[in-house]
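Residue numbering for the sequence shown follows numbering that gives the first Met the number 0, starting at 0 and increasing by one per position.
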Amino acid sequence: MNFSEQPPSKQWAALKYRGEKFAEVWFKPEGEPFALTFRVPQKSFQTSGMRQRLTTENLLRAVTIPAEEVESWQHGEVSHAGMDGSNPELKYLLRPPPQDEAHLSIHVSLKPPPQIVTSTESGTIEMTKQDWQELEGRWKVLLGLEAAIETMRLKMEGLRAELEAALKQPLTSEEKVHALNADVAQWNKAKTRVHYVLPRAKEFIHRSTWAAGTPERKKLEEIYKNHIRPRVPSPQMDKVMEELDHLLKDRQVLSAQGVAVYQECKSISADVQGTLRTLQSNAAANAAKKKGATAARRKSF
Numbered sequence: 000m001n002f003s004e005q006p007p008s009k010q011w012a013a014l015k016y017r018g019e020k021f022a023e024v025w026f027k028p029e030g031e032p033f034a035l036t037f038r039v040p041q042k043s044f045q046t047s048g049m050r051q052r053l054t055t056e057n058l059l060r061a062v063t064i065p066a067e068e069v070e071s072w073q074h075g076e077v078s079h080a081g082m083d084g085s086n087p088e089l090k091y092l093l094r095p096p097p098q099d100e101a102h103l104s105i106h107v108s109l110k111p112p113p114q115i116v117t118s119t120e121s122g123t124i125e126m127t128k129q130d131w132q133e134l135e136g137r138w139k140v141l142l143g144l145e146a147a148i149e150t151m152r153l154k155m156e157g158l159r160a161e162l163e164a165a166l167k168q169p170l171t172s173e174e175k176v177h178a179l180n181a182d183v184a185q186w187n188k189a190k191t192r193v194h195y196v197l198p199r200a201k202e203f204i205h206r207s208t209w210a211a212g213t214p215e216r217k218k219l220e221e222i223y224k225n226h227i228r229p230r231v232p233s234p235q236m237d238k239v240m241e242e243l244d245h246l247l248k249d250r251q252v253l254s255a256q257g258v259a260v261y262q263e264c265k266s267i268s269a270d271v272q273g274t275l276r277t278l279q280s281n282a283a284a285n286a287a288k289k290k291g292a293t294a295a296r297r298k299s300f
């Protein structure tokens, strides 16, 4: 069945492999006529034969949707562009959800039909119910991406402050005396990486803050409020889908950049904190050892 003919789900439908359920699917969530959601239970990730088949591409194949029809997909805060089916992430094994979560959810947005509006001789635009639904669905995908970007921006702000504080953190006088030279060198080396990644974190924060206020974004929001939501045609409607597509791709790239930079910042922060803890632990042990040796010498006299 063509996806456009698929009725919206009323309940989760089971996907099976060799007679055993490995995931569930929900077609066309409310307000999203070109989307579907998969959810994969923890159990599937713990079954060896099934674990190796858990990729986004195989989930799509289970519902007969070609990877080329995917506009984007998202699980958690991570968003990926479909890239006409060429994105290698489609074939990568999915990571299991955290232990306290029962399922891993993957939300997939599909490409709408290329032609959504037609012009009449009078210059007005004729819109069908499906046309409006497609535009509204795209807008909601955009809002979802922007919400994920905003969440990432807030997390990045906190991590940036953490990295800047790590750069300024001094050693105590006792740590300076008793720290091992090798530990100090490792700590300084870890902090050097902070200088490299901080500008990238700041760039993402700046871009994600600026993105919400661009003229293009404000224009599309006005079109949504004044035309798409109330279903009021306008001569400019024939360009809206193209503008939405452009904005969506920009947000997908920004989201991917944020995830990559955040993961790198987190790794560097952990490295800085780890080397500092090692330095402090060894310095304390060295100090205790020296005090013990001093006390022993006093006793001998």
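For each residue, glycine too, the CB sits at the ideal point set by N, CA and C.
When DSSP states are grouped into helix, strand and coil, residue 51 belongs to the coil group. Relative to residue 190, the option among 215, 268, 212, 256 whose CA is nearest is 268.
In this structure, the alpha-carbon of residue 247 lies about 6 Å from that of residue 141.
Between the stretch 156-176 and the stretch 76-96, the count of Cβ pairs shorter than 8 Å is below three; the stretches do not touch. For residue 162, the enclosing alpha helix (DSSP H) begins and ends at 128-167. Residue state for residue 11 is assigned as coil, using DSSP reduced to three classes. Between residue 135 and residue 211 the beta-carbon gap is near 20 Å, outside 8 Å, which marks them as no contact. Between residue 55 and residue 105 the beta-carbon gap is near 6 Å, inside 8 Å, which marks them as a contact.
8 Å or more divides the Cβ of residue 21 from the Cβ of residue 47. Within the same chain, Cβ atoms closer than 8 Å to the Cβ of residue 162 are found at 193, 196, 197, 200, 264, 267, 268, 271, the five residues on either side in sequence being excluded. The alpha-carbon separation between residue 274 and residue 260 amounts to approximately 21 Å. The beta carbon of residue 278 sits closer than 8 Å to the beta carbons of 170, 174, 178, 179, 182, 183, 185, 186 from its chain, once the five residues preceding and following it are set aside; these are given in chain order.
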